[in-house]
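First residue of the sequence shown: 1, per this note's numbering; consecutive thereafter.
Here the structure is laid out as structure tokens; the discussion comes afterwards.
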Amino acid sequence: MTVDPFGPDGRFVGRSALLDRLAELLGTANSVLLVGGAGSGKTTLARRLELPGDRQLFRADTHGWDLESVRTAFGALRSVLEGRDAGAYAEASRQEVHRAAELVAPFTLVIDSADRLLQHTGWCGDFFSELRFLDESMLRSQVSFLLIGGPVLAEYHDRENDNSPPLGTASTVPMTPLPADAVQELIDILPGTRRPSLSEVMDLTGGNAWLTTKLLRELDRGLPVAVAIEELQQTLVRRFTFWEKQLPAEVRRELLQVPRAGRPHAAAPADRRAREKHRLEMKALTVGVLWIDDTGRARVPQLFREWFAGRDPENRVWDVAVSFAPDDEAEARKLVQELEHHRYEVFFAPNEEVQLVQSDPMDNPPGLYQSRTRCELILWTPSYRQRYWQPRWKRRPGLVCFGPHGDPGDGLQPVYRDDDGGLSGLRGAIDDIVGKQR
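Structure (structure tokens):
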């Protein structure tokens, strides 16, 4: 039987250094929380784990456990330590778990889907306190644990036990998206005639392990990219919905603010806002709905971005809104296409009239153009000047005039509502478009 090169037993790329790090930590009695979104490759990575020396390695998955109570969970734990099937013991006490652990030490225990235990709030704290006791008091250097789960695993704290985490001394290791060179290795598996460009795949999937392998598997069948995406649509929606549930509300809000062309990654927090942004970005990176491109910009994969933005249209923030006169619609469409080619997300509504600048004397921002876009781009033509332009807009922050018919007045300078630098390249993109049209 031919192995699927894009399946869990296929080509292993981009994770060798991480695998070595896990082996080193666990082999030296340091426990680990391996966290990542569904499909990020946690289980595949753990399957390849090998430890040096005489330390035994036990593997378990809570999907095979009876989680009715802490005693049934202890029964499953005892079964694993004794090398039996998960249901060998219907129940077990702490003392029975202690004896089983002493007999097989030194050892490392891998528990996949450990975050499923968190659903049982009445007793999961007791289960984790047993692991902490073995790790920190009873066996110490004779034991290490690898708990695998979603981001909530790293955020858990037992309120009834001094806000204790699942494992007090564990290192948290995130599963972030595959780097570009690893994605290129996967692309190279395809026949030459079916290979998309690396930039196209990274734009679509952001190196998300699940998204990338799903897309490439469809391309391997000979489907064009657009058709492959259509074929995957229902599967994508189910997985996207799950990822969204793994993201706290604050992270979802932050993702809606990320420009299509990305923004500088908050890799070196300097102040409170930068530290907070970095924390939120790491959550999104761990789930796999954010990636860092080769210029160091944080971006949302296009496939997830389009679905995610459509889920919450009221809170969507556009990079650029193009304002134009109806007579200039054809020219406006060309401008929009050029901006999208430069990876800007553009609001373009030829069939509806939206107020550009608030007419109220207090000049408060209106609904769309100044509260839900970072920059308003006016297609400056005689038609626009005659029908819409108002001299008092000349120094309006966030307005940029574009077109072959001259500047509406001296002193007009582009000022973007751009707190995170996401539109720092817009001026250059506009200059490039102007250059093409000359």
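We treat Cβ as the ideally placed atom computed from N, Cα and C, and that holds for glycine.
Since the model is a prediction, treat every value here as computed from it, not as a measurement.
Asked, Found
"Looking at the secondary structure, which residues open and close the alpha helix (DSSP H) in which ALA17 lies?", "16-27"
"Under a three-way DSSP split, which group does PHE128 fall into?", "helix"
"Hey, which unbroken runs of the alpha helix (DSSP H) at 4 residues or more fall wholly within the segment 189-250?", "198-205, 209-220, 225-245"
"Restricting to Cα atoms, I'd like to know which of ARG372, TYR344, PRO8 is closest to LEU426.", "TYR344"
"I need the DSSP call for ARG439, collapsed to helix, strand or coil.", "The chain is shown from 1 up to 438; residue 439 falls before or after that span and cannot be answered."
"Mapping the DSSP letters down to three states, classify ASN364 as helix, strand or coil.", "The predicted model places ASN364 with a pLDDT of 34, which falls under 50 and marks its position as unreliable; any figure quoted below should be read in that light. DSSP places ASN364 in coil when its eight states are reduced to three."
"What does the Cβ neighbour count give for VAL258, buried or exposed, with the cut at 16 atoms within 10 Å?", "buried"
"Can you list, in chain order, the residues of its chain whose CB lies under 8 Å from that of ALA101, leaving out five sequence neighbours each side?", "LEU81, PHE107, LEU134, MET138, LEU139, VAL143"
"What's the gap between the Cα of ASP126 and the Cα of ALA267?", "37 Å"
"What would DSSP say about GLU102, mapped onto helix, strand or coil?", "helix"
"Just list the residues that DSSP pairs ARG470 with in beta bridges.", "Only positions 1 to 438 of the chain appear in the structure, and residue 470 is not among them; the question remains open."
"How far does the beta strand (DSSP E) with ALA321 in it extend, from its first residue to its last?", "318-323"
"Could you check what DSSP says for GLU136 in three-state terms: helix, strand or coil?", "helix"
"Can you tell me whether PHE74 is helix, strand or coil according to DSSP?", "helix"
"Is it buried or exposed, ALA92, if we count other Cβ atoms within 10 angstroms and call 16 or more buried?", "buried"
"Based on the DSSP output, what are the partners of SER164 in its beta bridges?", "ASP158"
"Using 9 Å as the threshold, is the C-beta distance between ALA332 and LEU256 below it?", "no"
"Going by DSSP in three states, THR286 sits in which element: helix, strand or coil?", "helix"
"Helix, strand or coil for VAL13, going by three-state DSSP, please let me know.", "coil"
"Name the DSSP beta bridge partners of VAL173, please?", "LEU34"
"Just reading off the alpha helix (DSSP H) that GLY310 is part of, what are its end residues?", "302-311"
"In angstroms with no decimal places, state the Cα-to-Cα distance between LEU153 and GLN184.", "31 Å"
"Measure the CB-CB distance between THR44 and PRO8 and report whether it falls below 9 Å.", "yes"
"For LEU216, is the classification buried or exposed, using 16 other Cβ atoms within 10 angstroms of its Cβ as the cut-off for buried?", "buried"
"Could you name the residues of the same chain whose beta carbon sits closer than 8 Å to that of VAL317, not counting the 5 residues immediately before and after it, in chain order?", "LEU256, GLN257, ARG372, THR373, ARG374"
"Would you report the Cα separation of TRP243 and PRO179, rounded to the nearest angstrom?", "20 Å"
"Is the segment 204-214 touching the segment 28-46 in the sense that three or more CB pairs, one from each, lie closer than 8 Å?", "yes"
"Check the DSSP bridge columns for TRP291 and list the partner residues they point to.", "ARG299"
"Identify the continuous beta strand (DSSP E) that holds ARG84 and give its terminal residues.", "No beta strand (DSSP E) holds ARG84; DSSP gives it neither H nor E."
"Given LEU232, which residues of its chain have a CB within under 8 Å of its CB, disregarding the five upstream and five downstream residues?", "LYS214, LEU215, GLU218"
"With DSSP collapsed to three states, give me the class of LEU51.", "coil"
"Thinking C-beta only, is ARG59 closer than 9 Å to ASP115?", "no"
"May I ask you to list the residues that DSSP assigns as paired with PHE347?", "ALA321"
"If we count the other Cβ atoms within 10 Å of its Cβ and call it buried at 16 or more, is LYS245 buried or exposed?", "exposed"
"Report all residues from its chain with a CB closer than 7 Å to the CB of GLY41; omit the five preceding and five following residues, and keep chain order.", "ARG15, MET175, ALA209"
"Applying the 10 Å Cβ sphere with the 16-neighbour rule, what's the burial state of THR295?", "exposed"
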